[in-house]
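Trainee: Just dropping this structure here.
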Amino acid sequence: MSSSLGYDPSLDQPIDEADPAQQSLRDRQLRTLFEIALDGMAIADDQGRYLDVNPAACELFGLERDELLGRSIVEFAEPGLNFQAVWQEFQQQEKVRGEFSLVRADGDIRIVEYAATANFLPHRHLSVMRDITERKQAEAQVRELTQQLNQQVHQPVSELEQTQAQLRESQQRLESILNSVEGVVWSIHPETFETIYINPAVEQIFGCSVAEFFANPNLWFEIIHPDDQSNIANVFARLKEKGRSRTEYRIIRRDGQVRWLSVNSYLVYDETGKPIRIDGITTDITDRKQAEIELAASQAELMALFNAMQDVIIVLNSEGRYLKIAPSSAPLLYLPSNTMLGKTLHEVLPQDAADFFLNTIHKAIINQSLMPLEYSLPIGDRLVWFDASISPMSEDKVLWVARDISDRKHQEQSLRLIVEGTAAKTGEEFFKSCVQYLAQVLEVRYAFIAEFVNSEKVSAKTLAFWAGNDFGDNFTYNLVGTPCNNVYIQGDLCRYPNSVQTLFPEDNDLVTLQAQSYAGLQIIDTAGNPLGLIVVLDTKPMVPNVEMQSAILRIFATRAGAEIERIEAEAAVRRSEIQLRLQSEELTATLKKLQNTQTQLIQAEKMSSLGQLVAGIAHEINNPVSFIYGNLKPAADYASDLIELIHLYQEHYPTPPQAISDFTEDIDLEYLITDFSKLLVSMKTGAIRISDIVKSLRTFSRLDEADLKEIDIHENIESTLIILQNRLNSSTGKTEISVVKNYGSLPLIECYGGLLNQVFLNLLVNAIDAIEQRRSSLKLTERSDYLGWITITTSINLGNQVLISIQDNGCGMSPEIQEKIFNPFFTTKPVGKGTGMGLATSYQIVTENHRGNLRCCSIPGKGTEFRIELPISQPK
504 MSSSLGYDPS LDQPIDEADP AQQSLRDRQL RTLFEIALDG MAIADDQGRY
554 LDVNPAACEL FGLERDELLG RSIVEFAEPG LNFQAVWQEF QQQEKVRGEF
604 SLVRADGDIR IVEYAATANF LPHRHLSVMR DITERKQAEA QVRELTQQLN
654 QQVHQPVSEL EQTQAQLRES QQRLESILNS VEGVVWSIHP ETFETIYINP
704 AVEQIFGCSV AEFFANPNLW FEIIHPDDQS NIANVFARLK EKGRSRTEYR
754 IIRRDGQVRW LSVNSYLVYD ETGKPIRIDG ITTDITDRKQ AEIELAASQA
804 ELMALFNAMQ DVIIVLNSEG RYLKIAPSSA PLLYLPSNTM LGKTLHEVLP
854 QDAADFFLNT IHKAIINQSL MPLEYSLPIG DRLVWFDASI SPMSEDKVLW
904 VARDISDRKH QEQSLRLIVE GTAAKTGEEF FKSCVQYLAQ VLEVRYAFIA
954 EFVNSEKVSA KTLAFWAGND FGDNFTYNLV GTPCNNVYIQ GDLCRYPNSV
1004 QTLFPEDNDL VTLQAQSYAG LQIIDTAGNP LGLIVVLDTK PMVPNVEMQS
1054 AILRIFATRA GAEIERIEAE AAVRRSEIQL RLQSEELTAT LKKLQNTQTQ
1104 LIQAEKMSSL GQLVAGIAHE INNPVSFIYG NLKPAADYAS DLIELIHLYQ
1154 EHYPTPPQAI SDFTEDIDLE YLITDFSKLL VSMKTGAIRI SDIVKSLRTF
1204 SRLDEADLKE IDIHENIEST LIILQNRLNS STGKTEISVV KNYGSLPLIE
1254 CYGGLLNQVF LNLLVNAIDA IEQRRSSLKL TERSDYLGWI TITTSINLGN
1304 QVLISIQDNG CGMSPEIQEK IFNPFFTTKP VGKGTGMGLA TSYQIVTENH
1354 RGNLRCCSIP GKGTEFRIEL PISQPK
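The opening position of the sequence shown corresponds to residue 504 in the working numbering, with each subsequent residue numbered one higher.
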């Protein structure tokens, strides 16, 4: 054992309880002392189960820390111990010292000296233990040798030599034992206190040599600490009364060190019962006492801090059971603390709250990290909001610290109400919302915003006035003799929480409003110039929350000032805009005209090329078809004559040569005669169909017709469908798109036929694309059930208009897209598939070239309908 304690200057520095860093330093110092202490230290709960132990305790019990935690003290005591009685007596006495026999895990029995303190923290009990088995064995051997010496004094002389040899052997053995003991083994005279025996360990502990103690019998008492000398006198009194004593006291060594000592002493008697000496063992317990003092001081500081904090402070285990609740937490607890201790979260709180809290506790323990959370609980008659953190204390305990943030939440809610009420409003609506929400947030009856009406600032006009249940009429008033005048003069918040009528008797408006309290703030612009006032009044005294009231008034005043500035700026900008608007409109019109011209040129060139191509194809197809169609009748006549000739041969020569009969049978002459006429009819039908297609192509190709003509709309629609027939039928490998035609009886329409064909083409192509897009978006199992269709409906509308509707069941469009579909170059199709000019050009053709209307109605996922409205005849 070291002769002096290691000294750490930081231990002497005062700890600032408000400084978390210094408090954490002290906690780490105490934990270090706990871990490195040579004596075993353990903390138990009210049932005697170990909650924490240091390495020295683990070595003493012969178990690892995890194996020792949770086990009861009684498990390590010798059989027959009445643990309940001993434990109850210990908790009543608070501090006890003594010895007991410890049964280690390996079955070895050790004699342990202990000092225990009950409730050093609420429901936590500290014990410090030291293995004194060797010391006890040494004491027993001393007593045994002493008895042997006493017996040998009375033995006959004849046995003396043998006995002396045994005695020398025993003395050598005893001397070896005493020299190896860390404590001081001593014997002194009971009356004169002269030293009879003392082992060399005295020099290490007392700082004095063995010779000094033999030379000075009073040296024992001279080095005792002055505050403990009276206790030593009581020790000798108890020693004479009971024959043994155990005590702890301090000494002051010559080098100035103060050492704590533990002394076990015994009074030895002769045969007649007369005291002949005092035997004892003294051990240095300075390390243990220092740790106890530091721990007690830290616990006292911790408890003082614990009790002084206004936060909710709770210790729970991993099961969510309440182990400790700080007394200061009482006003913010869900239930009284005495009803919560020992219960689980689910036994105290609502199910959903308990589940949430227990899950957070488990996360903190598993991750060994701080878990922040925010929650609310009904406390009494109000809902209390908490900002909390759960910190792991060990592998099965957490510390819960929660702070009441209800006021902050109320302020946040107030500010949110302000933002929601005023953010999207401007002008008069803003000022109205401002005063209404201001009155609600501050819980007052009246609120108004006023603007100074002249440069002298002697009068103001309200921009909005909340009169309790509704908005009041705006009014102009004189500031002289009113609290508003003080607001303007002072330039800061003026607050009169009660008796405002008495303070301003000339203000008749206060009497009319029955106002008892007032608060007002000046509204200024960004340059600091006064613009007006923001005021609240109430018919009762105002609450004393000045800070919150001031903050909210300043927020409203800032926002109102910005709005007044904005209105003034808008007025100036509006005057400038009037001058710029004409120029802008001219530029916009010019730009739009250029865009439309560009669009027309591009589309005209595109459709002109298409028309020329279609016309060329129609012409080239028409010539060979005409040849075929013109020769079909002569071919039929020739075939009829040949067949008639064959019949005449058969009639006049019924028995032809064998070669003719065989050939007639091989070619199946009767079937050939019957089917040949059908073949010619089929060829004629195909030629007529080709002629119809050519006619439709010619109709569609009338793109260069610049004059108005009366045309058959149905004929133009049919020609467009012919062009798109390849995409409508299933020849491309896709499902056929059904076209339903609901044609009404229409007169000839005066229009530009080629341009209308372009419109029909664009609308039908868009419908086909929409159907194919919807089909591709479906699952494979749904595609077979989806049948695309396009319905074309024509009718007379309002007597002088033709209505043409093209409707599909494609993917449809959202309202946002519908707003842009007629804009030039807008498209939703992939790059390379659409130019964005088709619908823009169609809209221009219908509305500008034909003075009609083109409307769109679409539902996403359902389909789209385009409605074309055209006048039957164009105005001259």
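Idealized CB from N, CA, C, for every residue including glycine.
#1: Shortest alpha-carbon distance to residue 1172 belongs to which of 600, 1145, 1183?
#2: In three-state terms, what does DSSP make of residue 574?
#3: Classify residue 1308 as helix, strand or coil using the three-state DSSP reduction.
#4: With three or more beta-carbon pairs closer than 8 Å as the criterion, would you say the segment 710-720 touches the segment 734-750?
#5: Helix, strand or coil, according to DSSP, for residue 1133 in the structure here?
#6: Can you give the beta carbon distance from residue 1349 to residue 1355, rounded, assuming they're within the 8 Å contact cut?
#7: Taking the beta carbon of residue 900 as the centre, do at least 16 other beta carbons fall within 10 Å, making it buried, or is it exposed?
#8: Roughly how many angstroms lie between the CA atoms of residue 841 and residue 724, to the nearest whole one?
#9: Which first and last residues belong to the beta strand (DSSP E) in which residue 1000 is found?
#10: Work out the CA separation of residue 973 and residue 884 for me, nearest whole Å.
#11: Thinking C-beta only, is residue 706 closer than 8 Å to residue 720?
#12: Mind checking who residue 584 pairs with in its DSSP beta bridge?
#13: Compute the Euclidean distance between the alpha carbons of residue 1180 and residue 1127, then round it to the nearest angstrom.
#14: Given a cut-off of 8 Å on the beta-carbon distance, is the pair residue 614 and residue 630 in contact?
#15: Going along the chain, which residues of its own chain have a beta-carbon closer than 8 Å to the beta-carbon of residue 1183, five neighbours each way excluded?
#16: Counting pairs of beta carbons, one from the segment 1239-1255 and one from the segment 1318-1330, are three or more of them closer than 8 Å?
#17: In angstroms with no decimal places, state the Cα-to-Cα distance between residue 755 and residue 872.
#18: Can you grab the Cα-Cα spacing for the pair residue 1263 / residue 1029, in whole Å?
#19: Which runs of the alpha helix (DSSP H) fall wholly inside the segment 707-732 and span at least 4 residues, in chain order?
#20: Using a Cβ-Cβ cutoff of less than 7 Å, which residues in the same chain neighbour residue 533 once the five nearest sequence positions on both sides are dropped?
#21: Does the segment 542-556 touch the segment 623-640, meaning 3 or more C-beta pairs lie closer than 8 Å?
#22: Can you tell me whether residue 550 is buried or exposed? The criterion is at least 16 other CB atoms within 10 Å of its CB, across all chains shown.
#23: Opposite residue 1254 in the DSSP bridges: which residues?
#24: Mark residue 660 as exposed unless 16 or more other C-beta atoms lie within 10 angstroms of its C-beta, in which case mark it buried.
#25: Hey, out of 823, 1211, 753, whose CA is closest to residue 791's CA?
#26: In the DSSP assignment, find the unbroken beta strand (DSSP E) run with residue 947 in it and report its ends.
#27: Label residue 553 either buried or exposed according to how many other C-beta atoms from any shown protein chain fall within 10 Å of its C-beta, with 16 as the threshold for buried.
#28: Using DSSP with H/G/I as helix, E/B as strand and the rest coil, what is residue 994?
#29: Once you ignore the five residues that flank residue 622 on each side, which residues in its own chain have a CB closer than 8 Å to its CB?
#30: Are there three or more Cβ pairs, one per stretch, closer than 8 Å when the segment 1012-1027 is compared with the segment 1043-1058?
#31: Verify the CB distance criterion: does residue 1065 have a CB-CB separation below 8 Å to chain E?
#32: If I measure Cβ to Cβ from residue 1207 and keep anything under 6 Å in the same chain, skipping five residues before and after, which residues do I get?
#33: Could you compute how far the alpha carbon of residue 570 sits from the alpha carbon of residue 779?
#34: Quick check: the segment 943-961 against the segment 1037-1046, are there 3 or more CB pairs under 8 Å?
#35: Since residue 771 sits in a beta bridge, which residues does DSSP pair it with?
#36: Spatial neighbours of residue 1351 within its chain, please: CB distance less than 7 Å, with the 5 preceding and 5 following residues excluded, ordered by chain position.
Mentor: Per the coordinate set shown:
#1: Position 669 of the sequence shown, counted from the first residue, corresponds to residue 1172. Among 600, 1145, 1183, the Cα nearest to that of residue 1172 is on 1145.
#2: For this step, residue 574 is matched to residue 71 along the sequence shown. Residue 574: coil per DSSP, three-state reduction.
#3: Along the sequence shown, one-based indexing puts residue 1308 at 805. Residue 1308 falls in the strand class under three-state DSSP.
#4: The segment 710-720 vs the segment 734-750: no contact.
#5: Position 630 of the sequence shown, counted from the first residue, corresponds to residue 1133. Residue state, collapsed to three classes: helix.
#6: For the purposes of this step, residue 1349 is identified with residue 846 of the sequence shown, where counting begins at 1. For the purposes of this step, residue 1355 is identified with residue 852 of the sequence shown, where counting begins at 1. Rounded, the Cβ-Cβ distance is 5 Å, consistent with contact.
#7: Within the sequence shown, the letter at position 397 stands for residue 900. In summary, residue 900 is buried, with 16 or more beta-carbon neighbours lying within 10 Å of its beta-carbon over all protein chains present.
#8: Translated into positions along the sequence shown, residue 841 becomes position 338. Translated into positions along the sequence shown, residue 724 becomes position 221. Residue 841 and residue 724 have their C-alpha atoms spaced approximately 51 Å apart.
#9: As a position in the sequence shown, residue 1000 is number 497, starting the count at 1. Premise fails: residue 1000 is in no beta strand (DSSP E) and is neither H nor E.
#10: Residue numbering aside, residue 884 sits at position 381 when the sequence shown is read from its first letter. Residue numbering aside, residue 973 sits at position 470 when the sequence shown is read from its first letter. Distance from the CA of residue 884 to the CA of residue 973, rounded to the nearest whole angstrom, comes to 31 Å.
#11: Within the sequence shown, numbered from 1, the residue matching residue 720 stands at position 217. Within the sequence shown, numbered from 1, the residue matching residue 706 stands at position 203. By the CB criterion at 8 Å, residue 720 and residue 706 fall outside the cutoff.
#12: Residue numbering aside, residue 584 sits at position 81 when the sequence shown is read from its first letter. Looking at the DSSP output, residue 584 bridges to nothing.
#13: Taking the sequence shown and counting its residues from 1, one reaches residue 1180 at position 677. Taking the sequence shown and counting its residues from 1, one reaches residue 1127 at position 624. Approximately 22 Å between the Cα atoms of the pair.
#14: Residue mapping note: residue 614 aligns to position 111 of the sequence shown, counting from 1. Residue mapping note: residue 630 aligns to position 127 of the sequence shown, counting from 1. It is not a contact, given that the beta carbons lie outside the stated cut-off.
#15: For the purposes of this step, residue 1183 is taken as the residue at position 680 of the sequence shown. So the qualifying residues of the chain are 1135, 1138, 1139, 1142.
#16: Under the three-pair Cβ rule at 8 Å, the segment 1239-1255 does not count as touching the segment 1318-1330.
#17: For this step, residue 755 is matched to residue 252 along the sequence shown. For this step, residue 872 is matched to residue 369 along the sequence shown. Looking at the two C-alpha atoms, the distance is approximately 47 Å.
#18: Residue 1263 sits at position 760 when you count from the first residue of the sequence shown. Residue 1029 sits at position 526 when you count from the first residue of the sequence shown. Their Cα atoms are separated by approximately 60 Å.
#19: Here the runs fully enclosed are 713-718, 722-725.
#20: Indexing the sequence shown from 1 puts residue 533 at position 30. Around residue 533: 797, 798, 801.
#21: Yes: the two stretches touch, three or more of their Cβ pairs being nearer than 8 Å.
#22: Reading the sequence shown from its first residue, position 47 is the one you call residue 550. With fewer than 16 Cβ atoms within 10 Å of its Cβ, residue 550 is classed as exposed.
#23: The residue labelled residue 1254 in the question sits at position 751 within the sequence shown. Residue 1254 pairs with 1212.
#24: Reading the sequence shown from its first residue, position 157 is the one you call residue 660. Since pLDDT at residue 660 reaches only 45, below the 50 mark, its modelled position is unreliable, and the value read off the structure follows with that caveat. The residue in question, residue 660, is exposed, as its Cβ has fewer than 16 Cβ neighbours within 10 Å.
#25: Position 288 of the sequence shown, counted from the first residue, corresponds to residue 791. Closest option to residue 791, Cα to Cα, is 753.
#26: Numbered from its first residue, the sequence shown carries residue 947 at position 444. For residue 947, there is no enclosing beta strand (DSSP E), as DSSP marks it with neither H nor E.
#27: Numbered from its first residue, the sequence shown carries residue 553 at position 50. With 16 or more other Cβ atoms within 10 Å, it is buried.
#28: The residue labelled residue 994 in the question sits at position 491 within the sequence shown. Residue state, collapsed to three classes: coil.
#29: Residue numbering aside, residue 622 sits at position 119 when the sequence shown is read from its first letter. Spatial neighbours of residue 622 in its own chain (CB-CB distance under 8 Å, excluding positions within 5 residues in sequence) are listed in chain order as 594, 597, 628.
#30: When C-beta atoms of the segment 1012-1027 are compared with those of the segment 1043-1058, three or more pairs fall below 8 Å, so the two segments count as touching.
#31: Absence of chain E from the displayed structure is noted, only one protein chain being present.
#32: Counted from its first residue, the sequence shown places residue 1207 at position 704. Because the pLDDT of residue 1207 is 45, which lies under 50, any placement of that residue in the model is unreliable, and the number read from its coordinates should be weighed accordingly. Hits under 6 Å: none found.
#33: Residue numbering aside, residue 570 sits at position 67 when the sequence shown is read from its first letter. Residue numbering aside, residue 779 sits at position 276 when the sequence shown is read from its first letter. C-alpha separation (whole angstroms): 49 Å.
#34: The answer is yes - the segment 1037-1046 touches the segment 943-961, with three or more Cβ pairs under 8 Å.
#35: One-based indexing of the sequence shown puts residue 771 at position 268. DSSP output for residue 771 lists 780 as bridge partner(s).
#36: The residue labelled residue 1351 in the question sits at position 848 within the sequence shown. Result list for residue 1351: empty, nothing under 7 Å.
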